[in-house]
Each structure stands twice: as C-alpha cells, then as structure tokens.
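1 is the number of the first residue of the sequence shown in my numbering; add one for each residue after it. We put the beta carbon where it would ideally sit given N, CA and C, even for glycine. Quick caveat: nothing in here was measured; it's all calculated off a predicted structure.
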Amino acid sequence: MSQATLHDLHRPLGSTGLMVSPLGLGTVKLGRDQGVKYPNGFQIPDDQQARMLLKLTRDLGINLIDTAPAYGRSEERLGPLLRGQRHEWVIVSKVGEEFCDGVSRHDFSAAHTRLSVERSLQRLETDFIDLVLVHSDGNDLAILDQSEVYQALAQLKQEGKIRGFGFSGKTVEGGLRALEQGDCAMVTYNLNEQAERPVIDYAATHGKGILVKKALASGHACLSPGIDPVRASFELLFDRPGVASAIVGTINPLHLAHNVTIVAQVLGKH
C-alpha cells in the first residue's frame, strides 16, 4: 500500500493568505535537548539525519515548519538545511523567549522584538518569515496590554519582514485578546487539555488562524485499551473548524509517516 500524503489537504491559515498542511513539523528537537518535557530522552539529529527528516517531511506533503529562538540551535541549523527550498515552506518562528545556558528568559520590548526577528531572518537565511508568534511566559494579558511586542510585529509586517503575526499563549483570555489584533493564535488542545477551545471557536468565526501545540500531549496521550491515541487526538482536533494545523515535534521518520497516514484518513472522512 502506498504512503498517504497531505499534498492535497493544504488549507488556509485564517485570512493570512498562507496555505498550510494540516500537520506542521516542530523543530525543538533539532536544536535543544535541555529543559524539554518529553516522556523519553532523545539525541539531537546530526545534519544528515535532519536533512533526511526534512526531505521526508516535504515528500509527505507537510509544508509548515515551526521553530523559535528558544529552540537552541534550531533556526541556525534550518537556514543551511533549507537552502534553495524557501518557496516550498511556510516558516513559523517566535519572539519573546530566549534560552541560554539551560535557562529561559523573556523580553517583550519593541527593541528586542525587532532584534529577534532580524536575527531569525539571518539565521534562517531568508528575507521574510511567514508567521511570527509571541512566545508567552504565561502572563498573556500583561504581555499584550503592557508591552510593545504586538506594535513592533505590526510594524515588521508593514515592512514586509514578516507576513503575519500572532501569539502562542497559555490562557483563553490571552488567546482571545491576541486574535483581536493578530492573525493567528497557537493553542494547546489535546485529549487531556481542552480549556482553550473558545479561542479556536473565536478564530473560526472571525477568519483567524489557529495552530495547535501539544496536539499529542507531548507524547503523553493515553486512552482506554484498544483506542489509538493518535487517531483519537487528530479526530478531536480536526473536528473543530477553526484548527488549521497541528504541530508535531517528532524526529522519528516512522512516527511522522504514521501521523500523516492517520491525519489523511481523518480528514478524508470530513
């Protein structure tokens, strides 16, 4: 039986004009193995393994790639790895969180936001980033109401350095506020955590984009015997019309292919 792909299942990310695959590849594991919450340890892939993973990702019809300055060396590795393929990918990066010497720190000032985006452009070897999200520290409303991060991102969008911007937050209130002025929200939504569903529903009725993080509960999704947690997770997600894409952070080619097969089956029913 031939491997299913997502090439024919790309969908709009809200009103951004971007068309994204229903699965995106998260790349924290390409750049960082400290302070990450996964049930099993892993080794950061070398360049050859990373190149093969990205080729498989593309062959499976995934065009969305998610990175961040806080993902260690992820951005600076992706730049050379994606050389000559820029037009084939929708790249999402972040601002607001830095990860140095095993510790995260946050800076939502306008100056740091601009510095961060300019640095990401250099590392990724591109003159624009498709979508930049604010990497929240959990104080969502304070970030949106008291910092200049959104104004700085709006300015960078006007300058053509980014095509869209939004918020990767941790609260319903933050997600809703972020979507009022931004293009997209990244929310946690899985079999264990569904509190942010109102953000997804708001996006669906207001033409905004939704990306889902921790779609498989960071590999922790568990159910009753006999029920495939991956299929149940994706059925839950894609039952919500607001969801554009789910980010999966696997570096295992078999897991990636399996996830694609399940998503293709789930979306084939819709």
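- Around the Cβ of S15, a 10 Å sphere holds fewer than 16 other Cβ atoms; the residue is exposed.
- Boundaries of the beta strand (DSSP E) around D66: 64 to 66.
- The beta-bridge partner set that DSSP reports for G72 is empty.
- The alpha-carbon separation between L18 and R105 amounts to approximately 31 Å.
- Residue state for F234 is assigned as helix, using DSSP reduced to three classes.
- Residue D66 holds the alpha-carbon nearest to the alpha-carbon of W89 among D107, A110, A111, D66.
- Within the same chain, A68, L133, H135 come within 6 Å of K94 by CB-CB distance, once the 5 residues on both sides are set aside.
- Taking each of F128, S224, L191, F238 in turn and checking the Cα distance to I210, the smallest one comes out for F238.
- In this structure R83 is exposed. Its beta-carbon is surrounded by fewer than 16 other beta-carbon atoms within 10 angstroms.
- By the C-beta criterion, the segment 117 to 124 is judged not to be in contact with the segment 134 to 149, since fewer than 3 inter-stretch pairs fall below 8 Å.
- Following the DSSP letters along the chain, one finds G17 in no alpha helix (DSSP H), marked with neither H nor E.
- In this structure, DSSP gives T188 an extended state, which the three-state scheme calls strand.
- Look at the beta carbons and you see the segment 107 to 115 touching the segment 150 to 158: at least three pairs across the two are nearer than 8 Å.
- Ranked by how close their Cα comes to the Cα of T171, the residues V92, L81, D140, D101 have D140 in first place.
- Spatial neighbours of A195 in its own chain (CB-CB distance under 7 Å, excluding positions within 5 residues in sequence) are listed in chain order as V172.
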